[in-house]
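The sequence shown begins at 1 in my numbering and counts up by one. Glycine included, every Cβ here is placed at the ideal spot set by N, Cα and C. Note sheet for the following structure.
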Amino acid sequence: MAQSPRQPDEKLVAHTIGAHLAYLEALITWERALHATSCDLCRPRNASMDDLARFAEQAEAEKERRRAAFRDLSTELGYVPIGEGTALPAEPLGCPCDPLDSTESGSSAS
Ligand SMILES: [Zn+2]
Numbered sequence: 001m002a003q004s005p006r007q008p009d010e011k012l013v014a015h016t017i018g019a020h021l022a023y024l025e026a027l028i029t030w031e032r033a034l035h036a037t038s039c040d041l042c043r044p045r046n047a048s049m050d051d052l053a054r055f056a057e058q059a060e061a062e063k064e065r066r067r068a069a070f071r072d073l074s075t076e077l078g079y080v081p082i083g084e085g086t087a088l089p090a091e092p093l094g095c096p097c098d099p100l101d102s103t104e105s106g107s108s109a110s
C-alpha cells in the first residue's frame with residue numbers, strides 16, 4: 001500500500017527560507033567585519049581595533065545564532081529548501097580593495 005508523500009507545511013517552508021536569508025545576511029556582515037579588521041582601505045577611520053574586534057565578535061555570535069535557527073527549522077522541515085527566493089540578490093561587496101568591484105571605475109575625479 002503506497003502512501004502519498006506528505007505535503008510540506010508552507011508556513012514552515014517560508015519561515016525556513018526567511019531564516020536562511022537572515023543567516024546569509026549575518027554571514028556577510030561577519031565577513032565584512034572581519035575584513036575591516038585587516039584592511040587599511042576598508043577600516044573605518046573613527047573605529048579603534050578594539051571596536052572592530054568587538055563588532056566582529058558580535059557579528060559572529062549573531063551569525064551562529066541565525067545558523068542554529070536555520071538548522072533547527074531545516075531539521076523540522078526535513079530538508080533544505082532551494083530554488084527561487086532562497087538566494088540573496090547579487091550585490092558587490094563595495095570594498096575599495098576588491099579588484100572585482102569595478103563600480104568606481106567610471107569616475108575620473110582625481
Ligand atoms: Zn578592504
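For valine 13, the enclosing alpha helix (DSSP H) starts and ends at 10-38.
Between leucine 52 and alanine 36 the beta-carbon gap is near 6 Å, inside 8 Å, which marks them as a contact.
Rounded to the nearest angstrom, the gap between the Cα atoms of valine 13 and tyrosine 23 is 15 Å. When C-beta atoms of the stretch 49-65 are compared with those of the stretch 24-33, three or more pairs fall below 8 Å, so the two segments count as touching.
A residue is called buried when at least 16 other Cβ atoms come within 10 angstroms of its Cβ; isoleucine 17 meets this threshold and is buried.
For leucine 77, the enclosing alpha helix (DSSP H) covers residues 49-77. Cβ neighbours of arginine 43 within its own chain (closer than 8 Å, five residues either side excluded): Ala36, Thr37, Leu52. Leucine 52 has its Cβ no nearer than 7 Å to any heavy atom of ligand 1. With a cutoff of 7 Å, leucine 41 counts as near ligand 1, since its C-beta is closer than that to a heavy atom of the ligand. Pairing leucine 41 with leucine 34, the inter-Cα distance amounts to about 13 Å.
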